[in-house]
Amino acid sequence: MNELQQHWRRHKSYILYLLSIYVLGWAFTPYQQAFSSLFLGTVISLYNGWTMVRKVERFGQAVASGQKSRSLGMMSRMAAAALAVFIAFRWPEQFSVGWIVLGLMTSYIVIIIDFFFQKTKGEER
1 MNELQQHWRR HKSYILYLLS IYVLGWAFTP YQQAFSSLFL GTVISLYNGW TMVRKVERFG
61 QAVASGQKSR SLGMMSRMAA AALAVFIAFR WPEQFSVGWI VLGLMTSYIV IIIDFFFQKT
121 KGEER
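Per the numbering used here, residue 1 is the first one in the sequence shown, and the count goes up by one each step.
Shown next as structure tokens:
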């Protein structure tokens, strides 16, 4: 398994744990709007991460074989984020834009935290 796949599997598992915490928070706290918004934003963030990994792999294969490659799909990721914000505006009593934006940033936060954990783990060896 290549390094990109290892990182993706680790990040995906962390995000799935966060999603389960959001579901528990939604079910057992009075903050249903915040947790449902975090859930929606994080699901879109997970989807965007998955599509990015797929497109980076295809891009790498195309470059290795000397072929031209398509873009990495910035517009599709932006459209997914816009869909989440649209949902928040459509149902404001269930979703909050601010919490959705925080959920959209979850993948990046997980990547940064994982980077520091891996860096300190590598320095201990």
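The beta carbon of each residue, even a glycine, is placed where N, CA and C say it ideally should be.
All values derive from a computational prediction rather than experimental measurement.
- Of all alpha-carbon atoms in Leu4, Glu93 and Met78, the one lying nearest the alpha-carbon of Ser45 is that of Met78.
- Counting C-beta pairs with one atom in each stretch, the stretch 76-90 and the stretch 13-23 have fewer than three that are closer than 8 Å, which means they do not touch.
- For Trp26, same chain residues with a beta-carbon under 8 Å away, outside a window of 5 residues either side, are Gln32, Phe35, Ser36 and Phe39 in chain order.
- The C-beta distance from Thr51 to Gly73 rounds to 6 Å, short enough to fall under 8 Å.
- In the three-state reduction of the DSSP assignment, Trp91 falls in the coil class.
- Apart from the 5 residues on each side of it in sequence, Gln94 sits with its Cβ closer than 7 Å to the Cβ of Gln33 and Ser36 in its chain, given in chain order.
- Scanning its chain for C-beta atoms nearer than 8 Å, with the 5 sequence neighbours on each side dropped, one finds around Tyr47 the residues Ala80, in chain order.
- CA-CA distance, Val85 to Gly98, rounds to 9 Å.
- Val110 and Gln67 have their C-alpha atoms some 33 Å from each other.
- Residue range Gln32 to Ala64 is occupied by the alpha helix (DSSP H) that includes Met52.
- About 31 Å separates the beta carbons of Leu102 and Gly60, which is beyond the 8 Å limit, so they are not a contact pair.
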